[in-house]
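Working notes for the structure below.
Number of protein chains: 2
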Amino acid sequence: MVAPRTIALDAMGGDHGPTVVVEGASISLTRHPAMEFIFFGDERAIAAELEKFPDLAARSRTLHTDSVIAMDAKPGHAMRRGKGSSMWLSIEAVKKGDAHVAVSAGNTGALMAMSKLILRPMAAIERPAIAALWPTVHSECIVLDVGANIGADARQLADFALMGAAMARVLFHIENPTVGLLNVGVEEVKGDEVVRQAHTWLKQTSGLPLDYRGFIEGDQIGQGSVDVVVVEGFAGNIALKTAEGTARQISQYLKDAMTRTWLSKLGAVLARGGFKVLRQKMDPRRVNGGTFLGLNGIAIKSHGGTDALGFASAVDLGYEMAQTGLIERLAADLDTFHHRIDQSAAE
Amino acid sequence: MVAPRTIALDAMGGDHGPTVVVEGASISLTRHPAMEFIFFGDERAIAAELEKFPDLAARSRTLHTDSVIAMDAKPGHAMRRGKGSSMWLSIEAVKKGDAHVAVSAGNTGALMAMSKLILRPMAAIERPAIAALWPTVHSECIVLDVGANIGADARQLADFALMGAAMARVLFHIENPTVGLLNVGVEEVKGDEVVRQAHTWLKQTSGLPLDYRGFIEGDQIGQGSVDVVVVEGFAGNIALKTAEGTARQISQYLKDAMTRTWLSKLGAVLARGGFKVLRQKMDPRRVNGGTFLGLNGIAIKSHGGTDALGFASAVDLGYEMAQTGLIERLAADLDTFHHRIDQSAAE
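Respectively, the protein sequence lines represent chains Z and W. All residue numbers for the first sequence refer to our numbering, where the first residue is 1301 and numbers rise by one. All residue numbers for the second sequence refer to our numbering, where the first residue is 1301 and numbers rise by one.
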């Protein structure tokens, strides 16, 4: 295995292809000078972009392919026809050990399906999850699953808790991250049997490498009540998109309010330093990237429409995760937990 | 039946009891001078508040009870012990025809359970839903179910569409409200079998009194893409709470940003007219109140922690719904739809 500093990039993914991917990599490189890159995609298009960034070019290789997964391709179609595509090859580089993490801004469904097929779920995992970084009033938290699957049973939810905790340990440098289970109320009687069973397991199993805080409600996510929020993928995806939509909606309100009268406009000019801070806080590019957790390798999904700064956030995230023994540690955590659950079921 | 202008109020519900309920009613009365009220609860406490509002006192009756449902009571307990409580009696007034709508800021679970038991679901309805008014960049939309039940089958989701459309017709004065089904993507292959079946029915059944627009994602709710958003109660509740939390989080960011430097502070002072408009736009009191749909009578839940202005919004909502033949029209819509579904199943 190479040193955990090589990033495989699907140069053709996303709405803007190599333009954004190459510039994004160059931004990440200034932050993490030890990074190395392998670009997969159209050699000439990539070379044209790399010319603009000689420092990056010096630390990069390009592997040519003509095959690209369309942003609107059905996952099934992408799987049948996508072998040899820039997306496929970047994931395969992780599988082969040529790279430590793959990042793509391409089609989410195809990336998920290919990552599962190529990297395979970890032995103890029935269902991988997509984890999102979510900004809070304090800093950030991790929310999963935000859409890898629809529905989850109690054991899968408990596995999500362990997977999220492993990621939080790496990113937030906390040994026992706090974990909450998203529900329609905080009382023990709330929710269906599945969330209540997961709650019982997480509460009663001793020695888990996390600090389980019980049920939380949707309004506590952004308050930063816990480091890791666990939810099945349908509700998790809807929560994520709803929060994004609400932020956009309030930005629109704010813009309208600040251009209403000349006095508001003048005030907005004077307060522009404050507004700049606000925009940075609300900038979705800061926390760009969903991580596929539960596979034998790390694959990161960047938003398809993001710019170079946003893509760089996704690359940074992958790099930080590659620096640690995330997967090995997670495998050990899952083994311990499943063993205890099976034991208590047998008693 | 009395004229649809009498509102039954649970005077003891909510965190502040008669103080907020009576003042809230007085605010609603200034907007709708034909309103009449029946207050249920502690006679002396209610009288002490009514003294402050002689116009309201002149249009009100009070029916005394000592029994109050605690805000943290379990619904089951409330049902067994709550007969004769202020909440129970206010719903019963609707059942008896003494009032046309009941409003309570009390315990949601208890109010839901009592409303179901006393008013009974409409003949065609398997599951009532809680509908919320949701602010959008244009105006408002209706989202249901936001937590009456966990999970829903395809027919129940389609019923929610009809119930939401009936409410939208009343509140927004649109004959064929637009309806979207909340999902994890807009393509037809997205989601589980339940949402896809509901989608097919809503798309293919002709003559429904609504304009079905297909799947929508969470970020489209606040954009006002449709008048009515349909979702099962677990994800719907999480979406609602997450949006509330995101709004609160951004308010916090904004406050921090505007007090950062003296220039920002000065700017914020000059722009205070704009900020006032923003606060009004974001004011959760404007759209306070969840409506129980699908029962033989109208029961409205106000937020427990709201103030008089927020409670007045819930009373206004109930009054507007009571002015129309909402339930009769909805019963007819449901009959037609179920008949067509059964027909197409038999073909």
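The beta-carbon is built from N, C-alpha and C at its ideal position, and this holds for glycine as well. All values reported here derive from a predicted model rather than from experimental measurement.
Assumed close pair residue i, residue j - CB separation to whole angstroms, cut-off 8 Å
i, j, result
"Ile1425 of chain W", "Leu1482 of chain Z", "Between Leu1482 of chain Z and Ile1425 of chain W the Cβ distance is about 28 Å, and since that is not below 8 Å, they are no contact."
"Glu1323 of chain Z", "Ala1608 of chain Z", "4 Å"
"Ser1390 of chain Z", "Ser1602 of chain Z", "Actually they do not touch by this definition, with Cβ atoms about 12 Å apart."
"Thr1659 of chain W", "Gly1522 of chain W", "In the structure as shown, chain W starts at 1301 and stops at 1647, and residue 1659 of chain W therefore has no counterpart that could be examined."
"Val1443 of chain W", "Ala1432 of chain W", "5 Å"
"Gly1536 of chain Z", "Gly1590 of chain Z", "About 11 Å; that fails the 8 Å criterion."
"Arg1629 of chain W", "Ala1461 of chain W", "Their Cβ separation, rounded to whole angstroms, is 15 Å, which puts Arg1629 of chain W and Ala1461 of chain W out of contact at 8 Å."
"Ala1660 of chain Z", "Leu1563 of chain W", "Since the first residue shown for chain Z is 1301 and the last is 1647, residue 1660 of chain Z is missing from the structure and cannot be characterised."
Chain-ordered chain Z contacts of residue i [CB-CB under 7 Å]
i, result
"Asn1537 of chain W", "Val1484"
"Lys1581 of chain W", "Tyr1553"
Where residue i falls, given that 16 or more other Cβ within 10 Å makes a residue buried
i, result
"Ser1385 of chain Z", "buried"
"Glu1475 of chain W", "exposed"
"Ala1622 of chain W", "buried"
"His1438 of chain W", "exposed"
"Asp1642 of chain W", "exposed"
"Pro1354 of chain Z", "exposed"
"Lys1503 of chain Z", "exposed"
"Met1301 of chain Z", "Since pLDDT at Met1301 of chain Z reaches only 44, below the 50 mark, its modelled position is unreliable, and the value read off the structure follows with that caveat. Per the 10 Å Cβ criterion, exposed."
"Ala1358 of chain W", "exposed"
"Ala1378 of chain Z", "buried"
"Val1495 of chain W", "buried"
"Glu1493 of chain W", "exposed"
"Asp1372 of chain Z", "exposed"
"Glu1488 of chain W", "exposed"
Under 8 Å from the C-beta of residue i: neighbouring residues of chain W
i, result
"Val1437 of chain Z", "Gln1549, Gln1552 and Tyr1553"
"Asp1492 of chain Z", "Ile1450, Gly1451 and Phe1534"
"Gly1447 of chain Z", "Val1484"
"Val1528 of chain Z", "Under the 8 Å cutoff, chain W gives no residues; its nearest Cβ is about 16 Å from Val1528 of chain Z."
"Ile1540 of chain Z", "It is worth fixing the name first, because residue 1540 of chain Z is Leu in this sequence and not Ile. Simply Gly1518."
"Val1489 of chain Z", "Lys1374"
N- and C-terminal bounds of the beta strand (DSSP E) containing residue i
i, result
"Phe1515 of chain W", "Asp1511 to Ile1516"
"His1364 of chain W", "Ser1360 to His1364"
"Gly1590 of chain W", "Gly1590 to Leu1593"
"Pro1435 of chain W", "Ala1429 to Pro1435"
"Val1479 of chain Z", "Thr1478 to Leu1482"
"Ser1404 of chain W", "Val1401 to Ser1404"
"Glu1487 of chain Z", "It is not in any beta strand (DSSP E) - Glu1487 of chain Z carries neither H nor E in the DSSP assignment."
"Ile1442 of chain Z", "Glu1440 to Leu1444"
"Ala1410 of chain Z", "Where Ala1410 of chain Z is concerned, there is no enclosing beta strand (DSSP E), although the alpha helix (DSSP H) it sits in stretches over Thr1408 to Leu1419."
"Asp1310 of chain Z", "Thr1306 to Asp1310"
"Ala1599 of chain Z", "Ile1598 to Lys1601"
Span of the alpha helix (DSSP H), counted from its first residue to its last, around residue i
i, result
"Ser1525 of chain W", "From DSSP, Ser1525 of chain W is part of no alpha helix (DSSP H); its letter is neither H nor E."
"Asp1519 of chain W", "It is not in any alpha helix (DSSP H) - Asp1519 of chain W carries neither H nor E in the DSSP assignment."
"Glu1336 of chain Z", "Here Glu1336 of chain Z belongs to no alpha helix (DSSP H); instead the beta strand (DSSP E) covers Glu1336 to Gly1341."
"Glu1475 of chain Z", "From DSSP, Glu1475 of chain Z is part of no alpha helix (DSSP H); its letter is neither H nor E."
"Leu1609 of chain Z", "Ala1608 to Ala1622"
"Thr1546 of chain W", "Gly1533 to Met1558"
"Glu1323 of chain Z", "Pro1318 to Arg1331"
"Ala1393 of chain Z", "Ser1386 to Lys1396"
"Met1422 of chain Z", "Here Met1422 of chain Z belongs to no alpha helix (DSSP H), and DSSP marks it neither H nor E."
"Ala1452 of chain W", "Where Ala1452 of chain W is concerned, there is no enclosing alpha helix (DSSP H), given that its DSSP letter is neither H nor E."
"Gly1567 of chain Z", "Trp1562 to Leu1570"
"Ala1378 of chain Z", "Pro1375 to Arg1381"
Beta-carbon neighbours of residue i, restricted to chain W and to distances below 7 Å
i, result
"Gly1735 of chain Z", "Outside the displayed span of chain Z (1301 to 1647) sits residue 1735 of chain Z, for which this structure offers no information."
"Phe1575 of chain Z", "Ala1557"
"Ser1564 of chain Z", "Ala1571, Gly1573 and Gly1574"
Cβ shell of residue i (< 6 Å), same chain only, five flanking positions each side left out
i, result
"His1364 of chain W", "Glu1343"
"Asn1588 of chain Z", "Ser1602, His1603, Thr1606, Gly1610, Ser1613 and Ala1614"
Close Cβ partners of residue i (< 7 Å) along its chain, the five nearest in sequence each way excluded
i, result
"Ile1393 of chain Z", "In the sequence under discussion, the amino acid at residue 1393 of chain Z is Ala, which differs from the Ile named in the question. Answer for Ala1393 of chain Z: Ala1308, Ile1338, Ala1399 and Ala1402, listed in chain order."
"Ala1325 of chain Z", "Leu1309, Phe1337, Leu1356 and Val1615"
"Arg1469 of chain W", "Glu1475 and Pro1477"
"Leu1319 of chain W", "It is worth fixing the name first, because residue 1319 of chain W is Thr in this sequence and not Leu. Only Glu1349 meet the Cβ criterion."
"Gly1464 of chain Z", "Ala1431, Ile1442, Leu1444, Val1479, Val1528 and Val1530"
"Ser1525 of chain W", "Gly1480 and Ile1516"
Residues near residue i in its chain [Cβ-Cβ closer than 8 Å; skip 5 each side]
i, result
"Ala1631 of chain W", "Met1422, Ala1423 and Ala1424"
"Thr1559 of chain Z", "Lys1565 and Ala1568"
Residues that residue i contacts on chain W, provided the C-beta gap is smaller than 9 Å
i, result
"Lys1383 of chain Z", "Result: empty, since nearest Cβ-Cβ is about 22 Å, beyond 9 Å."
"Leu1329 of chain Z", "In chain order: nothing, as chain W lies at least about 30 Å away."
Amino acids of chain Z, ordered along the chain, whose beta-carbon sits closer than 9 Å to that of residue i
i, result
"Gly1567 of chain W", "Leu1566, Gly1567, Ala1568, Val1569, Leu1570, Ala1571, Arg1572, Gly1573, Gly1574 and Phe1575"
Check: residue i C-beta below 7 Å from any heavy atom of the ligand MN
i, result
"Phe1637 of chain Z", "The ligand MN is absent from the structure shown, which contains no ligand whatsoever."
Beta-carbon neighbours of residue i, restricted to chain Z and to distances below 8 Å
i, result
"Thr1561 of chain W", "Gly1573 and Gly1574"
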